[in-house]
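What follows is a set of notes on a single structure, which appears directly below.
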Ligand SMILES: Cc1cc2nc3c(=O)[nH]c(=O)nc-3n(C[C@H](O)[C@H](O)[C@H](O)COP(=O)(O)OP(=O)(O)OC[C@H]3O[C@@H](n4cnc5c(N)ncnc54)[C@H](O)[C@@H]3O)c2cc1C
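Numbering (the numbering used here), first residue to last: 13 to 412.
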């Protein structure tokens, strides 16, 4: 790669952008991060980090920070609202496949906050807050990016641009790349509450997927509260859907108690299954939600985005330092795009179908099948390799 500006611009300082910048800067590549917000935003979407993401991020120091801030959850359950526990999976059987045989629960904003602190101290990193991507042009002279800042429009030049600006990616739209897929009709409600669910429901563990034809739910323990994810009627305005009485009623339906719940966090999300037609145009690349969106049932979106960052940054640093030809970068999309479909979409869609199934016969069959998988050590092991994204990373060559 002929370098004219000796700089990579990362657009979007969310979790994927921060980790991308960190991985590049650690390899001696000068990076500018342009983030439209004024600083870290409290974002309660992702909380699950899967084993191979933690394995692959060890060298960067990200894993140590996450483990320090997070909660290790070794078991997870598939449950039925009426029947209770159907299947339990113990991830410690993955101990020969990963150095982190557990799901780590840590909110994504904590990763961003930590990363801003580290990036802020690195001499080859420029962190530009309140800088919103507006457009870019590519030419023989490299890439010119226009950013809107409080001081007006500003142009920055770079050799490579990485768009990590989330699902509504302005970079992707600027390049005219299609974002194929669909949007689920229902909304997803996320609430965070403090309550001793384990005392009230003694057989649950920290990660519980509960099927119900009317109102399935996810109950996840995170370091300082429990998170509940459940579907919400799209005909109800988001501001109405997160009203105190509705949230209290959803929580009381899960675990009744006499006094009201202390609700600390609430939000309504639209959820999509979409993958960008391409992850690259010239020397502009997409990573994270900018190029793939999926439902949160399996905790795979951010993990997939961080795995994109690992693939892309590893390749780019080799090309940058002349230890691999430019063609190394051609391998990014074929390594990552098929996994967004074959692993992330396949598993998250399967999980949603299992939880919401309304047909009584199919439902019973599903529950019996989940119980049979958990009861058979070989099948349970394979199920956990898939759910932990180890199968995907092996298939794509990112893990041996
Ligand atoms: C309810 C819910 C629960 C989830 N749980 C999990 C989970 O447990 N595990 C998991 O792996 N995934 C989970 N996900 C998915 C996860 O939240 C996303 O995959 C993740 O946030 C993607 O990170 P990102 O950095 O690619 O994008 P984002 O987090 O969206 O960050 C994009 C960044 O770009 C900035 N930006 C946007 N536009 C511009 C612009 N024009 N110029 C400059 N900056 C810009 C934004 O301000 C933001 O900081 C969940 C999603 C939902 C909805």
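The beta-carbon is built from N, C-alpha and C at its ideal position, and this holds for glycine as well.
Every value quoted in this text rests on a predicted model; they were computed, and no experiment measured them.
Nearest-angstrom Cα separation, counted from residue j out to residue i
i, j, result
"residue 204", "residue 343", "40 Å"
"residue 130", "residue 93", "43 Å"
"residue 194", "residue 360", "14 Å"
"residue 353", "residue 301", "13 Å"
"residue 238", "residue 248", "24 Å"
"residue 201", "residue 14", "48 Å"
"residue 100", "residue 223", "14 Å"
"residue 420", "residue 133", "In this structure the chain extends from 13 to 412, so residue 420 is not present and cannot be described."
"residue 288", "residue 179", "10 Å"
"residue 271", "residue 95", "26 Å"
"residue 407", "residue 65", "15 Å"
"residue 348", "residue 315", "12 Å"
Selection from the options that minimises the alpha carbon distance to residue i
i, options, result
"residue 256", "245, 214, 248 and 274", "274"
"residue 17", "168, 341 and 340", "168"
"residue 104", "296, 50 and 84", "84"
"residue 233", "383, 380, 24 and 59", "59"
"residue 401", "369, 333, 319 and 341", "319"
"residue 31", "49, 154, 91 and 70", "70"
"residue 22", "107, 15, 171 and 99", "171"
"residue 380", "90, 75, 77 and 47", "90"
"residue 346", "220, 20, 409 and 280", "409"
"residue 148", "175, 40 and 404", "175"
"residue 340", "153, 258, 350 and 324", "324"
"residue 278", "206, 305, 330 and 306", "206"
"residue 236", "276, 337 and 322", "276"
"residue 153", "45, 47, 52 and 295", "295"
"residue 399", "357, 74 and 135", "357"
"residue 57", "412, 313 and 404", "313"
"residue 286", "190, 351 and 305", "305"
"residue 212", "231, 378 and 268", "268"
"residue 192", "284, 135 and 106", "284"
"residue 41", "330, 365 and 394", "330"
Test item: CB-CB of residue i and residue j under 8 Å
i, j, result
"residue 159", "residue 151", "no"
"residue 328", "residue 139", "no"
"residue 317", "residue 79", "no"
"residue 367", "residue 309", "yes"
"residue 217", "residue 335", "no"
"residue 397", "residue 125", "no"
"residue 121", "residue 177", "no"
"residue 209", "residue 118", "no"
"residue 112", "residue 63", "yes"
"residue 221", "residue 363", "yes"
"residue 128", "residue 199", "no"
"residue 43", "residue 137", "yes"
"residue 383", "residue 392", "no"
"residue 355", "residue 321", "no"
"residue 242", "residue 252", "no"
beta-carbon residue i near ligand 3 non-hydrogen atom, thresh 7 Å
i, result
"residue 42", "Although ligand 3 was asked about, the structure shown includes only ligand 1 as ligands."
Closer than 7 Å: residue i CB and nearest ligand 1 heavy atom
i, result
"residue 281", "yes"
"residue 27", "yes"
"residue 23", "yes"
"residue 120", "yes"
"residue 302", "yes"
"residue 57", "yes"
"residue 314", "yes"
"residue 392", "no"
"residue 177", "yes"
"residue 90", "no"
"residue 49", "yes"
"residue 144", "yes"
"residue 158", "no"
"residue 141", "no"
"residue 60", "yes"
"residue 241", "yes"
"residue 200", "yes"
"residue 317", "yes"
"residue 40", "no"
"residue 400", "no"
"residue 311", "yes"
"residue 308", "yes"
"residue 205", "no"
"residue 46", "yes"
"residue 127", "no"
"residue 355", "no"
"residue 182", "yes"
Cβ of residue i within 8 Å of any chain D Cβ
i, result
"residue 278", "Annotation note: the requested chain D is absent from the structure, which comprises a single protein chain."
| message | Going residue by residue through the segment 41 to 125, where are the continuous alpha helix (DSSP H) segments of at least 4 residues, counting only ones entirely within it? | response | 63 to 68 and 74 to 81
| said: My parser needs the alpha helix (DSSP H) runs of 4 or more residues fully inside the segment 245 to 281; what are they? | reply: 250 to 253 and 256 to 266
| task | Identify every run of the beta strand (DSSP E) within the segment 140 to 215, keeping only runs that are complete inside it and at least 3 residues long; order them along the chain. | result | 144 to 151, 154 to 161, 164 to 170, 172 to 175 and 191 to 206
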